[in-house]
Amino acid sequence: MVNKMKPVKQKGQEYVGLDLRLESVVDALMYHPWNRKRRQRKFNKDVYLRKFRRLIGPTRKKYGTLRDLHLYFCGVSHLDAAWLFPVVDTKERAYKTFYKAIEHCKLYPWFRFAQTSPQYYAWIKKYDKKLWDELKEYIKIGKIEPTGGMWVEPDLDMPCGESLVRQRLYGQLFYLREFGFYPTMSSLLDVFGYPWTLPQILKKTGAKSFWTTKLMANGTAGWPFSTFLWRGIDGYEMFSFVFTYNWYVLQSSKRFRRLARYPASKYNNDILNSHMMNSEIEKKFSTEENDYNHNMPIWYGLGDGGRGPMEMEILYAGSLAKLHNAKHIGQHEYIELLREEVDKRYFIWDDELFLETHRGTKTSQNNIKHLNRRAECWATAAESILTIINLYYPDLVEYDKEKLFEMWRLILFNQFHDILPGSSIPDVYVLAFDELEKSIQIAKEQIYNLLNMCLSTNKPDDTLLVFNPYNWERSEYVLIDNGEDKNWLWLPNIPELSIKAVNTQDRINNSITEEELNNITEEESAFIIENENLRARIDKKTGSLGSLLYKKTNKECIKTEGTYKGLGSGLRVFTERAKMWKAWNIEKIYPLKKIFTTILEPAKITEGEGGVLQVSVVYKFLNSSCKVSFFLLPNDKMLRINIHSNVKDGELLIKYFIPLDLASDEVTASIPYGSIQRKRIKKTEREKGKWEMGTQKWVDISDLDFGVTILNDNRYGFNATRHGIYVTLTKTSKYPGVSPLYGATRIVPPSERPKYIDLKPFDYRIAILPHKGKWQDHDVWKNGMEFNLPLILYNPSNKRDKPFKVDCIEKLSSPFVEVDKSNIFIGAIKPPEWCGGELKELKEHDNWTWDKKSFILRIIELSGKSTVARVKINEQISLSRILETNLLEMGSENGLIEEISGNSFVIDIKPFEIRTFLIFLK
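Converting from the sequence shown to the working numbering requires adding 324 to each position, the first position being numbered 1.
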């Protein structure tokens, strides 16, 4: 086999080394012509068949016989986009995987092969036209089967909702345009958890079924069944299959039979969730003999490093097929056969699919989490403003489709399930950090270049432009960088999806004075930070938050009494040594390994950014330190906490604890395009497995009349107990070790390779937001979004090199879209992916054209309420017709919105529903 993709030195790298490992030797021996002929002769004489009988004979008692099972073979290759090898090696591995698959298709008529991830196909198209043409031929005749549908197999808990939509949108459209079809089975075998909103996203992007194997790793409660209907939080349902793959299946026939059991007839289609005991679920299965699905798949082939089935595996599969009259079929064919066999005899799982392992991936590698969050926020903002200005001024600006797709591609690729979770070797992050920073830079350049052109030259030089990328009016504090210093500015009543000019007088009137920033008083044992809404008490001795009073109702937020030591807020540091998969896992007994912190610098008043006064305390533990600062801005509704860590010790888990005086046993956490309620006081086996959980921008605990939301700007892990919320800050585990199997290009020199993750300074921002009533009553998800993406500011005074012929600020200062209900979020404003409505017209971005007579509007309900809402488009553009589409932006006349009145239309939207509209202009 010829290697056509040589490892290359990455930009800016002075060192490139190469590790040649065991797989290189295995490949050389396996595919030597003499060895291949010898194996094929043995196969023809049924040598492998006899060996196989001898091999499985002694194991039948332990693992069970295969006689009553119908076996179905398909070759697969799980290829990590990066892991124990950097991306430059993955391109070579993708080449080897497809090259070998085509070679095996030529040699063995029965061989079928399935491969996920459009990104890998795109590499072949880019780098090897001959192989690409061959690959397309074997796809056409059905020997090679594209599966999956997401651009890569991403982590699913940490990307925002729009990122998951784009994973499917760009992945499925690549398949459609290149092969004339897209997969209807979503294969996500190795990702680390499945959010409750996923079924809707899959269904609206062409999926009819879903398969994973990762839930087989659940250890606390196990996974109860292999076939079920997964019901999302929004009511959308997905036929789902969970089981292991590769040759481990042969050792799992007993387990397969147990998981493949049908429900007893009276429990058919019963609704189950994680709040039910295992014993309660077990009673619902049929007890009749042989009442289970008998169709067992054996999807075999080398994984993680790709390369697919080895030739010996293919020959063994052929032998086993003879022995058991098994069939070689594609994955789609198997799923449809399974659906027909099951015939709606399944349970309905109405909950998230929580993975009871790899909990540390929500925290490992702080910087990749931080950059992912920033890139997502800036990308949607850039896309919105570009689309809006193109619609208003179609002749004055151009939409750079290629650059905007590159912005998204860099985000999507680096959400792969070993990159974003922080479970790869150091070399992987050299490129990942660079690519995400590039994505952010593309977005910022697009925004600032447009804002730079928005003012005519007759405007004052110190005019400040403010862009609100969200669909609600915002009034908030922003930090302005004046070059030499920074200062806080109050910006009231910035209309939704608009650009507003702020002149000198407005800036003077709304600047915060030194007196307003000096809102701290000193008492004998504490500092008091107070404004019109909140009163916080910081203990001088410990630096902990002893009280947070919500003044409107005189309600205390912080629990000041408890039954266990150390109830006060503050850092919690633990020794954490997971026995295996150290970058992935968190040791369950870590609370027993607490490291006590000491006060390095007692609480005192310091000056923060923009001149704001804050109370700061510096903690010391082992060789590390951490500075925690509290501050309140005038009339602000949240207490802000900035944390600067300088961790120098490995194998630590660091959390920040906030004790909350609330009775509810539920905690609500944000998930992609939704939220989920989990238990603080855990009773069932699966509830107890959620001792570390995932979130995105906020978590909340609410009683009937009062609640507290914790906001963050780059954290994804937390846990909640009856005492309060622990925000997980960092986990300094060991980096994954070098595998003896995988060869890899080494980008980081040996002398510079870190042993532990995140031994470097890092900044975290969290905030405590009290509110009346439940979280739904105040749409706290908006606060989470504002906390992560403040109003975007730009002063174009020195860069007016390409002004518009007209002053467009007046037109842009009014909302582009208005929605009359506060629980509705506009997730995307973008051009359509299609050219003139023709689905197969675009194969390269150079061929993409936009007549600027239509755009995509994505609308999501985020407070869990059925809602009838009126959506109004700015009357400076006139609507022609509106077509509802799926998330692939494909619709039919059945989706035509009949009533358009005054440039507005009405939608009836279900809780957490995602709706997409293609809006045509006159």
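Even for Gly, the Cβ is constructed at its ideal location relative to N, Cα and C.
Helix, strand or coil for residue i, going by three-state DSSP, please let me know.
i, result
"Q439", "strand"
"W535", "strand"
"I426", "helix"
"R1002", "strand"
"Y624", "strand"
"G684", "helix"
"E911", "coil"
"I659", "helix"
"L1245", "strand"
"R1124", "With a pLDDT of 49 at R1124, under the threshold of 50, the predicted position of this residue should be treated as unreliable, though the coordinate-derived value follows. DSSP places R1124 in coil when its eight states are reduced to three."
"W434", "coil"
"M1109", "helix"
"V790", "strand"
"G934", "helix"
"F729", "helix"
"A446", "helix"
"Y506", "coil"
"N602", "helix"
"V991", "strand"
"R1010", "helix"
"T884", "coil"
"A418", "helix"
"L821", "coil"
Have a look at the DSSP bridge pairing and note the partners of residue i.
i, result
"N811", "I804"
"A850", "D863"
"G1048", "P983"
"T308", "No answer is possible for residue 308: the residues shown for the chain start at 325 and end at 1246."
"E1253", "Because the chain in this structure spans residues 325 to 1246, residue 1253 falls outside the shown range and cannot be described."
Following the continuous alpha helix (DSSP H) through residue i, name the residue where it begins and the one where it ends.
i, result
"S643", "635 to 648"
"I757", "The sequence given here places Phe at residue 757; Ile does not occur at that position. That run of the alpha helix (DSSP H) goes 750 to 778."
"C701", "690 to 716"
"Q938", "Run containing Q938: none in the alpha helix (DSSP H); it sits in the beta strand (DSSP E), 937 to 945."
"T516", "In the sequence on display, residue 516 carries Phe and not Thr. Segment: none, F516 is in no alpha helix (DSSP H) and carries neither H nor E."
"W1099", "1099 to 1102"
"T828", "828 to 834"
"R964", "Careful: R964 lies outside any alpha helix (DSSP H), inside the beta strand (DSSP E) at 963 to 970."
"I1247", "The structure shown does not extend to residue 1247, since the chain spans only 325 to 1246, so no value can be given for it."
"I1133", "1133 to 1136"
"E838", "838 to 841"
Whole angstroms are fine: how far does the CA of residue j sit from the CA of residue i?
i, j, result
"T687", "Y794", "28 Å"
"Y772", "A706", "9 Å"
"C484", "A703", "12 Å"
"P283", "A1091", "The structure shown does not extend to residue 283, since the chain is modelled only from 325 to 1246, so the question has no answer here."
"S1204", "D1037", "40 Å"
"E676", "M600", "13 Å"
"A1044", "E660", "41 Å"
"T568", "I1201", "54 Å"
"N714", "R490", "21 Å"
"T866", "G1048", "18 Å"
"E722", "F1179", "15 Å"
"R964", "E880", "17 Å"
"G654", "V666", "18 Å"
"Y1040", "K727", "29 Å"
"N857", "L1093", "11 Å"
"W1022", "I468", "43 Å"
Can you name the start and end residues of the beta strand (DSSP E) that residue i belongs to?
i, result
"D1232", "1228 to 1233"
"L977", "976 to 983"
"K951", "948 to 955"
"R896", "894 to 899"
"L872", "869 to 874"
"W1265", "Coverage of the chain is limited to positions 325 through 1246, which leaves residue 1265 absent and any answer about it impossible."
Which ranges would you report for the beta strand (DSSP E) in the segment 1141 to 1226 if only whole runs of at least 3 residues count?
1141 to 1143, 1148 to 1154, 1178 to 1185, 1191 to 1197, 1203 to 1209, 1215 to 1220
At what residue ranges does the segment 523 to 588 contain a whole run of the beta strand (DSSP E), taking only runs of 3 or more? 533 to 536, 551 to 555, 561 to 566
task = Return the chain-ordered ranges of every beta strand (DSSP E) run that is complete within the segment 1055 to 1087 and spans a minimum of 3 residues.
result = Runs of beta strand (DSSP E) with 3 or more residues, each lying fully within the segment 1055 to 1087, are found at 1068 to 1070, listed in chain order.
| task | Only counting runs of 4 or more residues, tell me where the alpha helix (DSSP H) segments fall wholly within the segment 478 to 503, in order along the chain. | result | Those alpha helix (DSSP H) runs which fall completely within the segment 478 to 503 and span 4+ residues are 485 to 503.
In the segment 1020 to 1046, which residue ranges form an unbroken beta strand (DSSP E) of at least 3 residues, counting only runs that do not cross its ends? Entirely contained in the segment 1020 to 1046, the beta strand (DSSP E) runs reaching 3 residues are, in chain order, 1022 to 1026, 1030 to 1036, 1041 to 1044.
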